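Asker: Below are the structure tokens for one structure; questions will follow.
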Amino acid sequence: MDYAHRYCIVGAGTSGLAAAKNLKQHGIPCDVFEKLDDVGGNWYYGKPGSSVYKSTHLISSKPGTEYTDFPMPKEYPDYPSHWQAHEYIKSYARHFGLYDLITFNTSVERIVPTDEHAASPLWDVTLSTGETRRYGGVIICNGHNWDPKWPDYPGRFDGLVLHSCQYKTPDVLIDKRVLVVGAGNSGCDIAVESAQNAKVTFHSTRRGYYYNPKYTFGKPSDQVNEFLLRLRVPLTLQRWLYSIILKLLVGLPQDYGLPKPDHKFFETHPIVNQLILYYVGQGDIKVKPDVAELRGDRVMFQDGSEEQIDVIIYATGFKITFPFIEKRYLNWKDGKPVLYWHVFHPHYDNLFVIGLIQPDSGQWGLVDYQ
2 MDYAHRYCIV GAGTSGLAAA KNLKQHGIPC DVFEKLDDVG GNWYYGKPGS SVYKSTHLIS
62 SKPGTEYTDF PMPKEYPDYP SHWQAHEYIK SYARHFGLYD LITFNTSVER IVPTDEHAAS
122 PLWDVTLSTG ETRRYGGVII CNGHNWDPKW PDYPGRFDGL VLHSCQYKTP DVLIDKRVLV
182 VGAGNSGCDI AVESAQNAKV TFHSTRRGYY YNPKYTFGKP SDQVNEFLLR LRVPLTLQRW
242 LYSIILKLLV GLPQDYGLPK PDHKFFETHP IVNQLILYYV GQGDIKVKPD VAELRGDRVM
302 FQDGSEEQID VIIYATGFKI TFPFIEKRYL NWKDGKPVLY WHVFHPHYDN LFVIGLIQPD
362 SGQWGLVDYQ
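To convert, note that position 174 of the sequence shown is 175 in the working numbering; the numbers rise steadily by one, no gaps.
Here's what the structure looks like:
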């Protein structure tokens, strides 16, 4: 079969499905390769590469998350669970007839241009089956929440060590002395879950963040922010308004003994978790600075304090990784590909990356536009 007029899509997660739907609607033939046995990618709970844990819910609301042309079911709550999110993704694939385009249990092992100096080369795609196909273009949609970053602290820790992507249920925390490192959304969620199950919970963070409630004036907070955007409220005024709202609703981090943020509102990815403030205020989560050293079953911190710890969970983020294509083909700089609008390659006009974004709201509607 001649594949020179077809596109290869790597991954059948939320980005890969959006890419396949748009190509199909525009009459562009494509083949999608997915290493798992169903669609969903990161939202396929319990499968390799999925970073969701049993209690995971969306941190962006239903209207702010759903695809632009396929609304979530009306009976879904404002913040669906990962089970509901995965069912929705499967429904999206069925609705647009995408399953017929996907080859499951097959991974892409290698992608190489036939002429690396040409603007529109063909691409040799080698599959896990051993077959190599020559495609007219490639769209990479393998996600960026699966290859964990591990901090490199001096010393050795003798207890249980997990990355947040390996954490699934609180069984490993029960009656343990737990340290959660990292103050992103996963780190805060796991710290709260630990406070409900562990003997004692410590939360280590290097910097301060603003902790946003899921609801503002009875509405999902991202919908309130969207309303301000539609009114074209200037960013400076948005920041001032939101600072007042946040102070009134939950207070500032330093009011709870947490580090003062070193950035302005909307300058970093939002932390949507106000429960951590309650558990810190109740003493169920003890705030710690960055780790200085590991010593057997003890952890030394930058302020000179030390604690006996049974379990460390590193919620320290992920590396952007494309194991099937050399970095030089992706205009790689400073740990990531440099692409126009995070999609378009500056040299190759038939090589694209979808989903390499971290928006303040839901991502699925945005990848559809990409």
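Even glycine gets a Cβ: it sits at the ideal position worked out from N, Cα and C. Since the structure is predicted, the reported quantities are computational estimates derived from the model, not experimental observations.
For the alpha helix (DSSP H) containing I310, list its first residue and its last residue.
Answerer: Per DSSP, I310 belongs to no alpha helix (DSSP H) and is neither H nor E.
Asker: Quick one, which of W84, V53, D350 and G47 has its alpha-carbon nearest D190's?
Answerer: Measuring from the Cα of D190, the nearest candidate turns out to be V53.
Asker: Would you grab the beta carbon distance between L249 and Q239 for me? Rounded to a whole angstrom, and I think it's under 8 Å.
Answerer: Contact doesn't hold; Cβ gap of about 16 Å is too wide.
Asker: Assuming K287 and T202 make a contact with CB atoms under 8 Å, what is their CB distance in whole Å?
Answerer: The pair is a contact, with the Cβ atoms about 7 Å apart (cut-off 8 Å).
Asker: Based on the DSSP output, what are the partners of S1 in its beta bridges?
Answerer: Nothing in the structure corresponds to residue 1, since the chain is present only between 2 and 371.
Asker: Taking the alpha helix (DSSP H) that C189 belongs to, which residues open and close that run?
Answerer: First-last of the alpha helix (DSSP H) with C189: N186 to A196.
Asker: Is the CB-CB distance between D148 and T322 below 8 Å?
Answerer: Closer than 8 Å, so yes.
Asker: On the DSSP bridge list, what partners appear for G209?
Answerer: P262.
Asker: Using 8 Å for Cβ pairs, my map puts R157 next to G297. What's the rounded Cβ distance?
Answerer: Sure, about 7 Å apart at Cβ, within 8 Å.
Asker: Would D159 be called buried (16 or more neighbouring beta carbons within 10 Å of its own) or exposed?
Answerer: Answer is exposed; the Cβ neighbour count stays below 16.
Asker: What is the rounded straight-line gap between the Cα of W124 and the Cα of W44?
Answerer: Rounded to the nearest angstrom, the two C-alpha atoms are 29 Å apart.
Asker: Over what stretch of residues does the beta strand (DSSP E) that includes T133 continue unbroken?
Answerer: Run containing T133: T133 to Y136, per the beta strand (DSSP E) assignment.
Asker: Starting from the C-beta of H224, find all residues in its chain whose C-beta is less than 8 Å away, skip the five residues before and the five after it, and write them out in chain order.
Answerer: As written in the sequence, residue 224 is Gln, which differs from the His given in the question. Around Q224: S62, P64 and G65.
Asker: Would you check if the distance between the CB atom of L128 and the CB atom of V312 is smaller than 8 Å?
Answerer: Not closer than 8 Å, so no.
Asker: Bridge partners for H204 per DSSP, in chain order?
Answerer: DSSP, once it has assigned bridges, lists V181 and V288 as partnering H204.
Asker: Can you tell me whether P254 is helix, strand or coil according to DSSP?
Answerer: The answer is helix: DSSP assigns P254 an H, G or I state.
Asker: Does DSSP classify A199 as helix, strand or coil?
Answerer: Three-state result, A199: coil.
Asker: Could you check the C-alpha separation between R373 and T269 for me, to the nearest Å?
Answerer: Since the first residue shown for the chain is 2 and the last is 371, residue 373 is missing from the structure and cannot be characterised.
Asker: Could you work out which residue in Y330, P81 and C31 is closest to E117 when comparing CA atoms only?
Answerer: Checking every option, the nearest Cα to that of E117 belongs to Y330.
Asker: Assuming L357 and H343 form a contact by the criterion Cβ under 8 Å, report the distance between their Cβ atoms to the nearest whole angstrom.
Answerer: Contact flag correct, Cβ pair sits at about 5 Å.
Asker: For Y8, which beta-bridge partners are listed by DSSP?
Answerer: BP columns for Y8 point to C31 and G138.
Asker: Hey, out of L59, D70, R233 and Y279, whose CA is closest to W84's CA?
Answerer: Cα-wise, what sits closest to W84 is L59.
Asker: What would DSSP say about H164, mapped onto helix, strand or coil?
Answerer: Strand, per DSSP.
Asker: For my contact list, I141 and V281 are in at a C-beta cut-off of 8 Å; report their separation, rounded to the angstrom.
Answerer: Their Cβ separation, rounded to whole angstroms, is 40 Å, which puts I141 and V281 out of contact at 8 Å.
Asker: To the nearest angstrom, report how far apart D291 and L180 are at their CA atoms.
Answerer: Answer to the nearest angstrom: the Cα atoms are 11 Å apart.
Asker: Under the three-state reduction of DSSP, which class applies to W44: helix, strand or coil?
Answerer: In this structure, W44 counts as helix in the three-state DSSP scheme.
Asker: First and last residue of the beta strand (DSSP E) that includes F158?
Answerer: Note, F158: beta strand (DSSP E), G156 to F158.
Asker: Return yes when the Cβ of G137 is within less than 8 Å of the Cβ of A5, no when it is not.
Answerer: Going by C-beta atoms, A5 is nearer than 8 Å to G137.
Asker: DSSP three-state call for I355: helix, strand or coil?
Answerer: If DSSP states are grouped into helix, strand and coil, I355 belongs with coil.
Asker: Answer yes or no: do E194 and S51 have a C-beta to C-beta separation smaller than 8 Å?
Answerer: Not in contact: E194 and S51 (Cβ atoms no closer than 8 Å).
Asker: When we look at the beta-carbon of M73 and count the other beta-carbons within 10 Å, is it buried (16 or more) or exposed?
Answerer: Answer is buried; the Cβ neighbour count reaches 16.
Asker: Take P152 as the anchor and find which of K91, V368 and E294 has the nearest alpha-carbon.
Answerer: The shortest Cα separation from P152 among K91, V368 and E294 belongs to E294.
Asker: Is I277 closer than 8 Å to S165 when the C-beta atoms are compared?
Answerer: No, the pair does not count as a contact, with Cβ atoms beyond the cut-off.
Asker: Taking the alpha-carbon of E88 as reference, which of P271, E67, S362 and I29 has the nearest alpha-carbon?
Answerer: The shortest Cα separation from E88 among P271, E67, S362 and I29 belongs to E67.
Asker: Assuming A316 and V182 are in contact, meaning their beta carbons sit under 8 Å apart, how far apart are those beta carbons, in whole angstroms?
Answerer: Yes, they are in contact, since the Cβ atoms of A316 and V182 sit about 7 Å apart, within 8 Å.
Asker: If I measure Cβ to Cβ from L242 and keep anything under 8 Å in the same chain, skipping five residues before and after, which residues do I get?
Answerer: Counting only Cβ-Cβ distances below 8 Å, and skipping sequence neighbours, we find L229 and V234.
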